[in-house]
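> FYI, the numbering for the sequence shown is 1 to 223, going by the numbering used here.
Heads up, the beta-carbon is just placed ideally off N, CA and C, and yes, glycines get one too.
Please read all numbers here as calculations on a predicted model, not as lab measurements.
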Amino acid sequence: MDLRVKGLYDLQTFNLFKSQQVKSFGFDLVPLSFNFIQCYQLVNILQKESDKNDLIYLQFKDDKDFVIKSILDEVQYVRSKLNNVFLEFKKMRDVEFMEKFQIDYVVHISSMSELKELLKAQKLKGISLDKYFLDRLQMQNAFGEFFDFLEDFEKRMSKQRSQPILIELNSNWNDSLEHSIYDFFNINQVCLEINSQVEEDYRQVNAPKVISLLNSFQKNQLL
Numbered sequence: 001m002d003l004r005v006k007g008l009y010d011l012q013t014f015n016l017f018k019s020q021q022v023k024s025f026g027f028d029l030v031p032l033s034f035n036f037i038q039c040y041q042l043v044n045i046l047q048k049e050s051d052k053n054d055l056i057y058l059q060f061k062d063d064k065d066f067v068i069k070s071i072l073d074e075v076q077y078v079r080s081k082l083n084n085v086f087l088e089f090k091k092m093r094d095v096e097f098m099e100k101f102q103i104d105y106v107v108h109i110s111s112m113s114e115l116k117e118l119l120k121a122q123k124l125k126g127i128s129l130d131k132y133f134l135d136r137l138q139m140q141n142a143f144g145e146f147f148d149f150l151e152d153f154e155k156r157m158s159k160q161r162s163q164p165i166l167i168e169l170n171s172n173w174n175d176s177l178e179h180s181i182y183d184f185f186n187i188n189q190v191c192l193e194i195n196s197q198v199e200e201d202y203r204q205v206n207a208p209k210v211i212s213l214l215n216s217f218q219k220n221q222l223l
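(1) With three or more C-beta pairs closer than 8 Å as the rule, is the stretch 19-31 touching the stretch 40-56?
(2) To the nearest angstrom, how far is it from the Cα of F217 to the Cα of F25?
(3) May I have a chain-ordered list of the beta strand (DSSP E) segments no shorter than 3 residues that lie completely inside the stretch 22-59?
(4) CB V210 to CB R4, shorter than 9 Å?
(5) Going along the chain, which residues of its own chain have a beta-carbon closer than 7 Å to the beta-carbon of I71, five neighbours each way excluded?
(6) Buried or exposed: which applies to R224, given that a residue is buried once 16 or more other Cβ atoms fall within 10 Å of its Cβ?
(7) Using the beta-carbon count (16 or more within 10 Å), is N141 buried or exposed?
(8) Across which residues does DSSP place Q204 in a beta bridge pair?
(9) Would you kindly check if the distance between the Cβ of V106 and the Cβ of F89 is under 9 Å?
(10) Give the single residue among L214, K155, D201 whose Cα lies nearest to the Cα of D175.
(11) With a threshold of 16 other CB atoms inside 10 Å of the CB of F98, please say whether the residue is buried or exposed.
(12) Leaving out the 5 sequence neighbours to the left and right, which residues in its chain are closer than 7 Å to W173 when beta-carbon positions are compared?
(13) State buried or exposed for S111, treating a residue as buried only when at least 16 other CB atoms are found within 10 Å of its CB.
(14) Note down the Cα distance separating M139 from K131, rounded to an integer number of angstroms.
(15) Starting from Y9, trace the beta strand (DSSP E) in both directions and tell me its first and last residue.
(16) By alpha-carbon positions, which one of L129, L82, D201, M92 ends up nearest to E117?
(17) Around the Cβ of L87, are there at least 16 other Cβ atoms within 10 angstroms (buried) or fewer (exposed)?
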């Protein structure tokens, strides 16, 4: 099980997770987000501490195409050809919009209709599922229906690509995650976002707590 940590906002926090062997990182470039990071700070992290094997996800939401393009141009100065750089859309956008940047991307989905729209995507790297969405499916007794739809989606997408679709679960640090969830939905990556659960103050990560929680995940063989 792979791990991705998102919402990193400074060099110190990035280095903390690097020291814990995390290789996949998400940076929130939505200005009103709590974990917003300015582009120059992101470039500084990539330039000073990140290596070419790190997987870098750039998070956007309702941003205009020229905003996304300008940030990609800045990142390209320190990541030649944007190797191992991906887009992450925090909400479903028109497939044509997400495809126009010609970069592999992950998108958060919250319905089967959104999943159906993605069947025409060419650059889709994966989908990201929120825990609350799965909880809602369970309450509506729709787990099985969604699973069948997702399984069919994966099969149809596999016919047009060499790599399987990434299925990611967005979780909270304190969530109790059952192995059955991973098995049922074929989830192969967990994503944890920096928030008050692992901060001792605003934008001040509690390093010992983070290390303890990561060790706990690994001990339970969830990562």
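On the basis of the coordinates in this document:
(1) yes
(2) 17 Å
(3) DSSP runs (the beta strand (DSSP E)) wholly in the stretch 22-59: 24-28.
(4) Their beta carbons are not under 9 Å apart, which means V210 does not touch R4 by this criterion.
(5) L29, C39, L58
(6) No answer is possible for residue 224: it lies beyond the span of the chain, which begins at 1 and ends at 223.
(7) exposed
(8) Q204 pairs with D201.
(9) yes
(10) Per the Cα distances, L214.
(11) According to the sequence as given, residue 98 is Met; it is not Phe. M98 should be labelled buried.
(12) L192, Q197, V198, L213
(13) exposed
(14) The C-alpha of M139 lies about 12 Å from the C-alpha of K131.
(15) Per DSSP, Y9 belongs to no beta strand (DSSP E) and is neither H nor E.
(16) From the listed residues L129, L82, D201, M92, the smallest Cα separation to E117 is found for M92.
(17) So L87 counts as buried.
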